[in-house]
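Numbering-wise (UniProt numbering), the sequence shown opens with residue 1 and increments by one. Glycine included, each C-beta is placed from N, C-alpha and C at the ideal position. Owing to the predicted nature of the structure, the values given are computational and were not obtained by experimental measurement. In what follows, a structure is listed as structure tokens, so that the remarks can point back to it.
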Amino acid sequence: MSKVKSQNKVFLMAFDFVYQVGLLIILPLVIFALLGKLVDERTRTSPLFFFIGLLVGLIIAGLLVWKKVNEIIRQIER
């Protein structure tokens, strides 16, 4: 494989990793924040459940990113 193709492959792998990690962070945060906002609107407890939703989304996002990073590390070690 030529040097240019090798560099392109590394770039695409890095881009794919950043894209996946971005989605793993954004999706849980947005979903749980919106669910919290919905609960707040129905129970008139604003912003209690919104912040609880953010916290839950952050914890889930952290766990998903940790899992993804460990998966990548295992692939590199092979």
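| Query | Result |
| --- | --- |
| Could you pull the start and end residues of the alpha helix (DSSP H) that residue 43 belongs to? | 3-43 |
| In this structure, does DSSP put residue 74 in helix, strand or coil? | helix |
| Assuming contact is defined by CB atoms lying nearer than 8 Å, are residue 64 and residue 35 in contact in what I supplied? | no |
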